[in-house]
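What follows is one structure encoded as C-alpha cells, with my remarks underneath.
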Amino acid sequence: MSRPAILVARYVLPELLERLSQHFEVESNQADQPLPQPELIDRLQGKRGVFVTASERIDAGLLDACPDLRAVCTMAVGYNNIDVAACTARGILVSNTPDVLTESTADFGFALMLAAARRITESERFLREGRWTHCTYTLMNGVDVYGRTLGIFGMGRIGQAIARRGALGFGMKVIYHNRNRLSPDIEATLGARWVDKDTLLREADHLLLVVPYSPTVHHAIGAGEFARMKPTATLTNIARGGVVDDAALVGALRAGRIAAAALDVYEGEPKLNPGLLEVPNVVLTPHIASATAATRKAMADLAAENLIAALTGGTPPTPVPSS
Ligand code: 8YV
Numbered sequence: 029m030s031r032p033a034i035l036v037a038r039y040v041l042p043e044l045l046e047r048l049s050q051h052f053e054v055e056s057n058q059a060d061q062p063l064p065q066p067e068l069i070d071r072l073q074g075k076r077g078v079f080v081t082a083s084e085r086i087d088a089g090l091l092d093a094c095p096d097l098r099a100v101c102t103m104a105v106g107y108n109n110i111d112v113a114a115c116t117a118r119g120i121l122v123s124n125t126p127d128v129l130t131e132s133t134a135d136f137g138f139a140l141m142l143a144a145a146r147r148i149t150e151s152e153r154f155l156r157e158g159r160w161t162h163c164t165y166t167l168m169n170g171v172d173v174y175g176r177t178l179g180i181f182g183m184g185r186i187g188q189a190i191a192r193r194g195a196l197g198f199g200m201k202v203i204y205h206n207r208n209r210l211s212p213d214i215e216a217t218l219g220a221r222w223v224d225k226d227t228l229l230r231e232a233d234h235l236l237l238v239v240p241y242s243p244t245v246h247h248a249i250g251a252g253e254f255a256r257m258k259p260t261a262t263l264t265n266i267a268r269g270g271v272v273d274d275a276a277l278v279g280a281l282r283a284g285r286i287a288a289a290a291l292d293v294y295e296g297e298p299k300l301n302p303g304l305l306e307v308p309n310v311v312l313t314p315h316i317a318s319a320t321a322a323t324r325k326a327m328a329d330l331a332a333e334n335l336i337a338a339l340t341g342g343t344p345p346t347p348v349p350s351s
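Have a look at this one:
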C-alpha cells in the first residue's frame, strides 16, 4: 500500500523532515516563504495531512478543494487561522501545540511588560542616537512593576504562568478576567482574583492580553477601554492581532491615556498600523513570544507527532477540541 503524502507548509529542521519521511511521502517548503492560498491549495492536492503554522489559512474553501486531507497539525497553540468546525464536519483532525511553549511565552510576555514599563527600547534608541548627554532627575522615568497590580485578560496556561511570575517573582497583586473562572484552589495557588472586565481595566497597573482569538474578543481593547485604564498603566499584547484596536492604541499612546504598550502581535501582521512606528512609548517585536530554539523544536516535534499518529492509526497527543 502506498504511503500517505503530506505537505510540510513551512520550514522545519532537516531531521524532522527525515522523521516524517519514515512514514510519509513528504513535500516540504524549506524556503519558508508563506505559500499564497492558491499555491497552498495546489500543493495540497492528493495530500492526506498538512503541517502548518499560525500563518496558513485553513478554511472551508481550501478543505473543499483538498478532499484528501485527513489531518491539519499546527505548530502553534493558537489556531484561529483554522476553521475547526469545517474540519470537524469533514472528519479532519486538527491539532495544536499547547504546554510545550507555555513558559517561554510567559517569560517573553513578562519581559515585554517590563520593557514597556521601564522604557527599555525607548532608552536604547535615545542612547544609540547620541542624545544622552547627562543624567537627569526625569530621564526615562518609567512606572514600577514590583508590588503593583498585574491584570491578565485570558487566564489559560500562559496567563497562569504569567500570574506565577508576577505574584511569586515580583510581589504583584494579580487580578484576571476570563470567560470561565479558575477553581478556588488554583486562584489561591496563583494568588489571583477574578474580576469583571471593567474592574480589570480600572485597577491594573500592567495589563497583559493572552486571550485566545475569536470574533468575540475582536477589538476587546479599544478607545473605550483605554479611557478606563490608569494613565500610568501599560498594555502588553501577546495574544493575537485584532484583540486590540491598534489604531485606537496609537491614539491612546499619543494622548498619554496610558503610559506605554508592548506588542508582539498586530492587526494585519506582518504589516503594522503605521502610527505604531511613530510613537516612542511602544515596544514592538515580530511575533516571537514562543521563539526559543528549544521551544520551537518542541513545538515542531509535537506537531509532527500529532500528524504521524493521526495518519498511522495512533492517538494524536494534542487534538484541539472539535467544534
Ligand atoms: C507561533 C503563536 O509559534 O503558538 C502560537 O499561537 O502565535 C506562536 O507561538 C507562531 O505564530 C508561529 O506559528
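So the sequence shown is residues 29 to 351, counted in the working numbering.
For every residue, glycine included, the Cβ atom is placed at its ideal position computed from N, Cα and C.
It should be emphasised that the depicted structure is a prediction, and the values quoted were computed from it without experimental measurement.
Item checked: Sequence-distant residues of its chain with Cβ nearer than 6 Å to residue 85 (five each side left out) -> 109
Notebook entry, point to check: Do you know whose CA, among 40, 143, 178 and 258, lies nearest residue 327's CA?
Noted result: 40
Next item on the list: Compare the Cα-Cα distances from residue 312 to each of 165, 137 and 201 and report the closest residue.
Entry: 137
Next item on the list: May I have a chain-ordered list of the beta strand (DSSP E) segments no shorter than 3 residues that lie completely inside the segment 154-223?
Entry: 177-181, 201-205 and 220-222
Notebook entry, point to check: Does the ligand 8YV have even one heavy atom less than 7 Å from the beta-carbon of residue 106?
Noted result: yes
Notebook entry, point to check: Of the residues 128, 316, 166 and 94, which one's Cα is nearest the Cα of residue 114?
Noted result: 94
Note to self: Does the contact criterion of 3 or more C-beta pairs under 8 Å hold for the segment 67-76 versus the segment 142-149?
What the structure shows: no
Check: DSSP on residue 124, reduced to helix/strand/coil?
Finding: coil
Item checked: Among 239, 336 and 49, the one whose alpha carbon lies nearest that of residue 190 -> 239
Margin query: Once DSSP output is grouped into helix, strand and coil, what is the label at residue 252?
Written below: helix
Next item on the list: Return the first residue and the last residue of the beta strand (DSSP E) that residue 137 is part of.
Entry: Taken as a continuous stretch (DSSP letters only), residue 137 belongs to no beta strand (DSSP E), being part of the alpha helix (DSSP H) at 130-145.
Checklist line | Continuous beta strand (DSSP E) stretch holding residue 80: start and end | finding: 77-80
Margin query: With DSSP as the reference, identify every bridge partner of residue 265, one or two as the case may be.
Written below: 237 and 291
Margin query: Given a cut-off of 8 Å on the beta-carbon distance, is the pair residue 339 and residue 77 in contact?
Written below: yes
Next item on the list: Assign residue 253 to buried or exposed, taking buried as 16 or more other Cβ atoms, counted over all protein chains shown, within 10 Å of its Cβ.
Entry: buried
Note to self: With three or more beta-carbon pairs closer than 8 Å as the criterion, would you say the segment 209-223 touches the segment 240-248?
What the structure shows: no
Notebook entry, point to check: DSSP three-state call for residue 35: helix, strand or coil?
Noted result: strand
Item checked: 8 Å contact criterion, which residue 203 and residue 231 should meet: CB distance rounded -> 6 Å
Checklist line | Endpoints, beta strand (DSSP E) assigned at residue 346 | finding: That residue, residue 346, is in no beta strand (DSSP E); it is neither H nor E in DSSP.
Checklist line | Given residue 331 as reference, the closest of 30, 159, 250 and 123 once Cα atoms are compared | finding: 123
Item checked: Segment limits, alpha helix (DSSP H) that includes residue 323 -> 321-339
Notebook entry, point to check: Taking just the CA atoms, how far does residue 158 sit from residue 346?
Noted result: 50 Å
Note to self: Rounding to the nearest angstrom, what Cα-Cα distance links residue 186 and residue 116 in this structure?
What the structure shows: 26 Å
Margin query: According to DSSP, is residue 115 part of a helix, a strand, or is it coil?
Written below: helix
Margin query: Between the alpha carbons of residue 336 and residue 321, how many angstroms are there, rounded?
Written below: 22 Å
Next item on the list: Determine the closest residue to residue 287 out of 309, 49 and 224, with distance taken between C-alpha atoms.
Entry: 309
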